[in-house]
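In our numbering, the protein residues as written are 9 to 153.
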């Protein structure tokens, strides 16, 4: 990852609650708007953040009240960094079925992970698979004339 200066950061532990996760994503999206992010880049960040947050809360922590999710967001004019870590057992992304294969079209497992991989510039999981780090390099920059 490129070494850069982040103009906004948020680091917080939240309960295993979708409402708490969505509240942090709303803060992230407000910052993206303030940094001029829009269109496809904005949509990709929001979709990846939502997918990763739901995976951590529902699949990782199983919405257990005694577990938390660590969230770290960083925003710059040209990039976004997101780290989401749950307290679950983890998983191996390579072992998920490819949801594009005919035999898995009805199966919802793996779709979110595939979307994250497609929409983000970089995606890294820790060894046990309970932490994802995502980076989106901004592609769409509004031109001024």
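Glycine is no exception: its CB is placed at the ideal position from the N, C-alpha and C atoms.
The structure presented is a predicted model; accordingly, all values stated were derived computationally and were not measured.
Asked                                                                                                                                                                        : Found
Short of 6 angstroms in beta carbon distance, which residues of its chain neighbour residue 67, apart from the five on each side in sequence? Order them along the chain.    : none
Am I right that residue 55 and residue 33 are in contact with their C-beta atoms under 8 angstroms? What's the rounded C-beta distance?                                      : Residue 55 to residue 33, Cβ: 10 angstroms. No contact.
Run through the segment 63 to 143 for me and flag every whole beta strand (DSSP E) of 3 or more residues, listed as ranges in chain order.                                   : 76 to 83, 87 to 93, 130 to 133
Cutting at 6 angstroms between CB atoms, please list the residues of its own chain near residue 94, excluding the five before and the five after it.                         : 64, 68, 69, 77, 138
Have a look at residue 51 and residue 128 and give me their C-alpha separation to the nearest angstrom.                                                                      : 11 angstroms
How many Å lie between residue 14 and residue 82 at the Cα?                                                                                                                  : 6 angstroms
Evaluate residue 92 with the Cβ neighbour count: other Cβ atoms within 10 Å of its Cβ, from every protein chain shown; 16 or more gives buried, anything less gives exposed. : buried
Using only alpha-carbon positions, find the residue among 133, 87, 132, 146 that is nearest to residue 12.                                                                   : 87
In whole angstroms, what is the alpha-carbon distance linking residue 72 and residue 24?                                                                                     : 6 angstroms
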